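The sequence shown: position 342 = 348 (the working numbering), numbered continuously. Glycine included, C-beta positions come from ideal geometry on N, C-alpha and C. Since the structure is predicted, the reported quantities are computational estimates derived from the model, not experimental observations.
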Amino acid sequence: MNENELCNNENYIKWREIHTKAFGDIFSLAFSENESAQEHLTAALIHISKRNFTEALTLLQITEPLCINSFDKASVYYFKGLCHELLENEKEMSQYYRLFAETGIDACFPLPFHPYYRTAKNAQRDSECKKAIFYYRKALELYDGRTPSPKISATVSQIAFDVATVYLYDRDYSASEKFLKISSAYSPAENLQRSYLAAVLCAVRGNAAECERLISTLNDTFKPSCEAITKSIFEGSDLHHCTVLRDRSGYPSFWRLLSQCKKRVESLLQSGDTENAQEIVSLLLSEAMPFAKRRLECRIARTQDRITVFCKTYRIKTLSAEYEALLKTKPKELADWSFEVVDYFESY
């Protein structure tokens, strides 16, 4: 879409309104003295809306030399960072978000398009807690030293709550409580999600009275599941926060089947098809431990004389204990294979 096409496009004003509503000042006030640059920026955002990120980056590259002040630069850096975040290019994303921050421009963002937020959410979804916390904290750093307007306060409160949920999942209960308090400080109004999280924290701390009080404040949307999880924690039957002995009768079958697949997996690794090699082992692990109720991921690394399988626990306490039990029974047929139990695949 070139400049003339944009100028003649009857939808141009509508696109400006749509993107202003979505992104606010960081879009609407950029290039206030350069209509041509505004059109390039608008065209770039149209491409972003249509997930044509390569085309969007090309237009942003053309627009960058047209910047005449820090606000213009901040806008271009932000949207370049957003493109790379949507493309999951973490290195380039971080580079442009850092340049954005260095402009010193104050801006507010809708959470779905907040710098680092999508990356943190995806890491949280994949149980990569360290990565999620790293990027949530990067998002919070953008507000260091800024006056907390109502909009900023609401954003910081939500991100702090997200951090608290990750720390709870990571079983770092003190850190979870800390960020829950930060969330409440920025937005003191009653929040049922915070009450839910606080009730679970009371359960893992053994504070039954306060847990019961918090549950009583919940509505019918939150109360049943909160009652269920806190009850399982108090009873010691919650697989995530407690160690619960599981049926291990399928473990010999796992080793037998893996020994039968050994040459196949090694052949795949030799040919560079690591993904399918990992899929074979992952499927066998998942079948051996059905209590996890998920596909159990693994990563495989090959050196010249050894294969190492990294088994991810997702920070599930019971799964970690069961992996340890499983690996103690490794047969001699797999003597040249190593197994390591890890909480995460990535460290930040």
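- Cβ neighbours of phenylalanine 228 within its own chain (closer than 7 Å, five residues either side excluded): Leu198, Tyr202.
- DSSP, read as helix, strand or coil, puts phenylalanine 119 in helix.
- With a threshold of 16 other beta carbon atoms within 10 Å, threonine 69 meets it and is buried.
- With fewer than 16 other Cβ atoms from the protein chains shown falling within 10 Å of its own Cβ, lysine 338 counts as exposed.
- Short of 8 Å from the beta carbon of leucine 47, and not among the five residues preceding or following it, lie these beta carbons of its own chain, in chain order: Phe33, Ala36, Phe37, Leu65, Leu66, Thr69, Ser81, Val82, Phe85.
- Following the DSSP letters along the chain, one finds threonine 314 inside the beta strand (DSSP E) bounded by residues 313-318.
- It is roughly 39 Å from the alpha-carbon of lysine 144 to the alpha-carbon of glutamine 276.
- By alpha-carbon distance to phenylalanine 351, the top candidate from Glu218, Arg312, Arg305 is Arg305.
- Where phenylalanine 345 is concerned, there is no enclosing alpha helix (DSSP H), although the beta strand (DSSP E) around it starts and stops at 343-348.
- Per the C-alpha coordinates, the member of Pro154, Leu290, Ser55 positioned closest to tyrosine 257 is Leu290.
- For alanine 307, the enclosing beta strand (DSSP E) starts and ends at 304-308.
- By the 16-neighbour rule on beta-carbons within 10 angstroms, proline 121 is buried.
- The segment 271-287 and the segment 205-214 do not touch, with fewer than 3 CB-CB distances between them shorter than 8 Å.
- Take the alpha-carbon of tyrosine 103 and the one of threonine 335: they are about 48 Å apart.
- Contact fails between the segment 262-274 and the segment 230-250, because fewer than three Cβ pairs, one in each stretch, are under 8 Å apart.
- For proline 194, there is no enclosing alpha helix (DSSP H), as DSSP gives it neither H nor E.
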